[in-house]
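According to my numbering, numbering within the sequence shown proceeds without interruption in unit steps and concludes at 357. Glycine included, each C-beta is placed from N, C-alpha and C at the ideal position. In what follows, a structure is listed as structure tokens, so that the remarks can point back to it.
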Amino acid sequence: LEFVPIEHMYRILDEHLPNIMDKDEQDLRSMLKKNWEDLLAESEHRQEELSVKQIQYRKDLIKTVNAFKKDVAKFRAEYERSGPMVKGIPPREAVERLKRFREEYEVRGRKQEIYYIGEDLFGVPHQQYPTLNQTKQELGYLGQLYDLYVAVLETIKDWRDYFWFDVPEHMETMQKTIDNFAGRCKKMPKQLREWPAYNELKKEIEDFQEVLPLLMELGKPSIMPRHWQQVMEITGKELPIESENFKLQSLIDAQLNEFTDEIS
Numbered sequence: 094l095e096f097v098p099i100e101h102m103y104r105i106l107d108e109h110l111p112n113i114m115d116k117d118e119q120d121l122r123s124m125l126k127k128n129w130e131d132l133l134a135e136s137e138h139r140q141e142e143l144s145v146k147q148i149q150y151r152k153d154l155i156k157t158v159n160a161f162k163k164d165v166a167k168f169r170a171e172y173e174r175s176g177p178m179v180k181g182i183p184p185r186e187a188v189e190r191l192k193r194f195r196e197e198y199e200v201r202g203r204k205q206e207i208y209y210i211g212e213d214l215f216g217v218p219h220q221q222y223p224t225l226n227q228t229k230q231e232l233g234y235l236g237q238l239y240d241l242y243v244a245v246l247e248t249i250k251d252w253r254d255y256f257w258f259d260v261p262e263h264m265e266t267m268q269k270t271i272d273n274f275a276g277r278c279k280k281m282p283k284q285l286r287e288w289p290a291y292n293e294l295k296k297e298i299e300d301f302q303e304v305l306p307l308l309m310e311l312g313k314p315s316i317m318p319r320h321w322q323q324v325m326e327i328t329g330k331e332l333p334i335e336s337e338n339f340k341l342q343s344l345i346d347a348q349l350n351e352f353t354d355e356i357s
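Below you can see the structure in the form of structure tokens.
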């Protein structure tokens with residue numbers, strides 16, 4: 094930064110317009126160079142302070158990153174020991190573990206981004222976290238399975254609570270929804286198809302796909318009490334169809350899909 098061009102401009106004014114400046118501006122002009130020098134001195138002082146602090150901040154960043162690397166290793170060990178990929182755990186337990194480790198990963202993922210910014214700021218090479226990236230990838234594809242698993246179970250649970258007299262108006266929506274679930278299930282990555290949750294999910298979808306056409310038939314106005322009596326005899330279940338509180342739950346529990354040929 095130079096003050097010389099400013100002085101040069103004032104000399105041009107003095108030469109060509111000698112009386113253009115009033116007293117206040119003349120006073121300010123007389124202080125201008127000193128103020129400029131004070132500003133430069135303050136700037137240099139602040140730069141020295143920042144340089145000292147930068148060294149300390151850089152040290153703090155490196156120390157924090159090293160501690161984070163240890164935390165990431167500990168997190169991965171805990172994930173392998175008690176995460177959702179542990180063999181033999183029930184699907185519902187895996188869902189809870191997936192939720193927990195997703196939340197814990199998100200915390201560490203945000204820290205990784207912040208430390209990357211700090212490394213860029215202080216010219217430090219980015220530290221790599223291969224196990225954290227691996228965990229992110231595994232949580233991602235496990236989420237495909239278990240998110241669908243939860244969606245299917247919760248949706249069918251809601252359907253079970255429908256009163257029977259309301260079911261016919263929901264049939265079309267139920268059909269489209271269960272077909273969508275089936276399509277997503279078929280597109281699951283090959284490695285996920287070996288998981289117990291996949292088999293349970295697939296069976297839940299297929300069972301409902303089998304029972305839905307029977308529900309459509311039973312919901313027709315042409316179905317008479319004697320038809321319901323035959324269904325009860327075939328399934329061995331009591332179905333109080335005349336009750337206002339009769340719900341789809343009772344028909345699903347009767348496992349109509351196991352008697353498709355007889356009922357049809």
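Check your understanding: Whose C-beta lies closer than 7 Å to the C-beta of residue 350 among residues of the same chain, with five residues either side of it excluded?
Key -> Position 257 of the sequence shown, counted from the start, is the residue given in the question as residue 350. Cβ neighbours of residue 350 beyond the five flanking positions: 300, 303, 304.
Point to revise | Spatial neighbours of residue 271 in its chain, beta-carbon cut-off 7 Å, leaving aside the 5 residues before and after | key: Locating residue 271 in the sequence shown gives position 178, counting from the first residue. So the list reads 298, 301, 302, 305, once near-sequence residues are dropped.
Practice item. Give the DSSP-derived three-state secondary structure of residue 194 in the structure shown. Key: By one-based count along the sequence shown, residue 194 stands at place 101. In the three-state reduction of the DSSP assignment, residue 194 falls in the helix class, which pools H, G and I.
Review point. So does the segment 248-264 actually touch the segment 216-233, counting three or more Cβ pairs closer than 8 Å?
Key: Flag = no, the segment 248-264 and the segment 216-233 do not touch.
**Study point:** Whole-angstrom C-beta distance between residue 161 and residue 208, which should lie under 8 Å
**Key:** By one-based count along the sequence shown, residue 208 stands at place 115. By one-based count along the sequence shown, residue 161 stands at place 68. That belief holds up - the Cβ atoms of residue 208 and residue 161 are roughly 6 Å apart, short of 8 Å.
Check your understanding: Among the residues of its own chain, which have a CB less than 6 Å from the CB of residue 216, if the five just before and after it don't count?
Key -> Start at 1 with the first residue of the sequence shown, and residue 216 comes out as number 123. Beyond the five residues adjoining it in sequence on each side, residue 216 comes within less than 6 Å, by CB distance, of no other residue in the same chain.
Exercise for review: With DSSP as the reference, label residue 313 as helix, strand or coil.
Suggested key: Taking the first residue of the sequence shown as position 1, residue 313 is located at position 220. Of the three classes helix, strand and coil, the one that applies to residue 313 here is coil, per DSSP.
Review point. Starting from residue 348 and walking both ways along the alpha helix (DSSP H), at which residues does that stretch end?
Key: Taking the sequence shown and counting its residues from 1, one reaches residue 348 at position 255. DSSP places residue 348 in no alpha helix (DSSP H); its state is neither H nor E.
**Study point:** Option nearest residue 211 by Cα separation, candidates 129, 175, 151, 249
**Key:** Position 118 of the sequence shown, counting from 1, holds the residue named residue 211. Considering only alpha carbons, the answer is 151.
Practice item. Below 8 Å CB to CB, which residues in the same chain sit around residue 320 once its five sequence neighbours on both sides are set aside? Key: One-based indexing of the sequence shown puts residue 320 at position 227. Hits under 8 Å: 311.
Review point. Roughly how far, in whole angstroms, is the beta-carbon of residue 253 from the beta-carbon of residue 345, given that I think they are within contact range, below 8 Å?
Key: Counting from one through the sequence shown, the residue named residue 253 turns up at place 160. Counting from one through the sequence shown, the residue named residue 345 turns up at place 252. Contact flag correct, Cβ pair sits at about 6 Å.
Practice item. Could you check how far apart the C-beta atoms of residue 228 and residue 198 are, in whole angstroms? I think they sit under 8 Å. Key: Position 135 of the sequence shown, counted from the start, is the residue given in the question as residue 228. Position 105 of the sequence shown, counted from the start, is the residue given in the question as residue 198. About 6 Å separates the beta carbons of residue 228 and residue 198, which is inside the 8 Å limit, making them a contact pair.
Practice item. Would you mind sorting residue 184 into buried or exposed? The rule is 16 or more other CB atoms within 10 Å of its CB. Key: Residue mapping note: residue 184 aligns to position 91 of the sequence shown, counting from 1. By the neighbour-count rule (16 or more Cβ atoms within 10 Å), residue 184 is buried.
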